[in-house]
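Chemist:
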Amino acid sequence: MGGWSTVKKRRSVKVGNLTMGGGAPPIVQSMNNTLTTDVKATLNQIEALARAGCELTRLAVPDRAAADVLPEIVRNSPLPIVADIHFSADLALRSLEAGVSKLRINPGNIGGPDKLREVATAAAALRVPIRVGVNAGSLEARIIAEEGGVTAHGLVRSALEAARLLEEADFRDIVISLKASSPALTIAAYRELAGRCDYPLHIGVTEAGFGSTGLIRSAVGIGTLLAEGIGDTLRVSLTDDPLAEVAAAWDILAALGLRRRGPTFISCPTCGRTQVDLVRTAAEVKNALAHITEPLTIAVMGCVVNGPGEAREADFGLAGGKDFFALFSRGEVLEKVPAERAAARLIEVVNEYVAGKASEA
Ligand code: SF4
């Protein structure tokens, strides 16, 4: 693993002020779950997403009313906007006029070749890329019949056929996604696709579910692909608040050493040697420092076996003893703190450090 520079060189597109593909770091994206026509709620959620580290968000544009409010949303949004459109070239054209930074369409259901060419021409004039998305749940019956089921190869065929419709309209700023709820099928499909085209790839495990199930399925699917250098933008799809998707995406990127934002927390599982309330202490530290964007490593460890080593290696750390913790800062023991005050003291030390860095900047 050598960082994001190991991402296979692919064609790049501009999405607002972002570069997607071409070896650029994978972009974290999400999708609003507000009614697009509720402009206030939509902008509030976009702002919250931006604060959480989201870099690009998608809005459903199911009807004319949603398209009509896009100019106001685009004008006030801190993030580039992707318009998600099905069945209507008119909505795609209106979204482009509104200033969106990317379209997500299905070339097969936008109203025929002439309509598709109209959308592609308008997008090309504005240098707005188009994502074509294939989903295992809506794979064409013809391909399912020919492949003998929903297969990785079938998903790739469908995606490349969709891309070809845009290519025939002389459009090349294409991003491709092909998603399945099975991480194994998703991985197999993207592996094949990555070898058969050089378009930037949007990766994710769709409908991954909620809670730890959704997180694990996403981490396995997305993490495996990113570790192989596949994926130029990622969306973790959870049955949850979109903010949880963004946090999970950053955790996946940090786990692979590809990108970091905010603290990386290390804590031990506890065992018979633990003589402090480690679970409570670690949770208190993690919750209180979740807002920090500085890439720090913070260790909360139970005892002297591995604790001092991890705490010393981290930027800040606690290593438990009998009813106390040793507080480490930058590799040195700063002080010994009674266990019940250790979390609060570590939080204080880290906040002071971050505030000091901010005032230097
Ligand atoms: S660090 Fe100590 S308390 Fe934590 S699991 Fe390891 S041996 Fe047990």
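Position one of the sequence shown corresponds to residue 7 (this note's numbering), numbered consecutively onward.
Here a beta-carbon is modelled for each residue, glycine too, at the ideal position from N, C-alpha and C.
1. Listed in chain order, which residues are found with a beta carbon closer than 6 Å to a heavy atom of the ligand SF4?
2. Note down, in chain order, each residue of its chain lying with its Cβ closer than 8 Å to the Cβ of residue 101, except the 5 sequence neighbours on either side.
3. Report the option in 36, 245, 119 and 223 whose CA atom is closest to the CA atom of residue 168.
4. Taking the alpha carbon of residue 320 as the reference point, which residue from 366, 333, 303 and 60 has its own alpha carbon closest?
5. Give me whichever residues DSSP pairs with residue 341 in a beta bridge.
6. Which residue marks the beginning of the alpha helix (DSSP H) containing residue 137, and which one marks its end?
7. For residue 208, which three-state DSSP category applies?
8. Less than 8 Å separating the beta-carbons of residue 343 and residue 351?
9. Roughly how many angstroms separate the alpha carbons of residue 104 and residue 213, rounded to a whole number?
10. Indicate the three-state DSSP secondary structure (helix, strand or coil) for residue 74 in the structure shown.
11. Just confirm the distance between the C-beta atoms of residue 33 and residue 204, as a whole number of angstroms; I'd bet it's less than 8 Å.
12. Distance check for residue 16 and residue 354, CA to CA, integer angstroms please.
13. Taking its Cβ as the centre, do 16 or more other Cβ atoms sit within 10 Å of residue 181, making it buried, or is it exposed?
14. Name the residue from 260, 264, 289 and 192 whose alpha carbon lies nearest to the alpha carbon of residue 273.
15. Would you mind listing the alpha helix (DSSP H) stretches within the segment 230-267 that are 4+ residues and don't spill past its ends, in chain order?
16. Classify residue 156 as helix, strand or coil using the three-state DSSP reduction.
Modeler: Reading off the structure:
1. Listed along the chain, these residues meet the criterion: 274, 275, 276, 277, 279, 280, 307, 308, 309, 311, 312 and 313.
2. Looking up residue 101 in the sequence shown gives position 95. Cβ neighbours of residue 101 beyond the five flanking positions: 67, 73, 76, 89, 91 and 109.
3. Taking the sequence shown and counting its residues from 1, one reaches residue 168 at position 162. Put simply, of 36, 245, 119 and 223 the residue whose alpha carbon is nearest the alpha carbon of residue 168 is 119.
4. Sequence index remark: in the sequence shown, residue 320 carries index 314 (1-based). For the residues 366, 333, 303 and 60, the minimum Cα distance to residue 320 belongs to 303.
5. On the sequence shown, position 335 is the one that residue 341 refers to. For residue 341, the beta-bridge partners assigned by DSSP are 333.
6. One-based indexing of the sequence shown puts residue 137 at position 131. No alpha helix (DSSP H) holds residue 137; the beta strand (DSSP E) holding it covers 136-141.
7. By one-based count along the sequence shown, residue 208 stands at place 202. Of the three classes helix, strand and coil, the one that applies to residue 208 here is strand, per DSSP.
8. Position 337 of the sequence shown, counted from the start, is the residue given in the question as residue 343. Position 345 of the sequence shown, counted from the start, is the residue given in the question as residue 351. Yes, they are a contact pair.
9. In the sequence shown, the residue the question calls residue 104 occupies position 98. In the sequence shown, the residue the question calls residue 213 occupies position 207. Residue 104 and residue 213: Cα-Cα distance of roughly 29 Å.
10. Within the sequence shown, numbered from 1, the residue matching residue 74 stands at position 68. Three-state DSSP puts residue 74 in a helix.
11. The residue you call residue 33 lines up with position 27 of the sequence shown. The residue you call residue 204 lines up with position 198 of the sequence shown. Contact flag wrong, Cβ pair sits at about 17 Å.
12. Translated into the one-based positions of the sequence shown, residue 354 becomes position 348. Translated into the one-based positions of the sequence shown, residue 16 becomes position 10. Those two C-alpha atoms are separated by around 44 Å.
13. In the sequence shown, residue 181 corresponds to position 175, counting from 1. It is buried - the Cβ of residue 181 has at least 16 other Cβ atoms within 10 Å.
14. Position 267 of the sequence shown holds residue 273. Checked all of 260, 264, 289 and 192; the closest Cα to residue 273 is 289.
15. 248-261
16. As a first step, residue 156 must be located in the sequence shown, where it is residue number 150. Looking at residue 156 - three-state DSSP - the assignment turns out to be coil, as it is neither helix nor strand.
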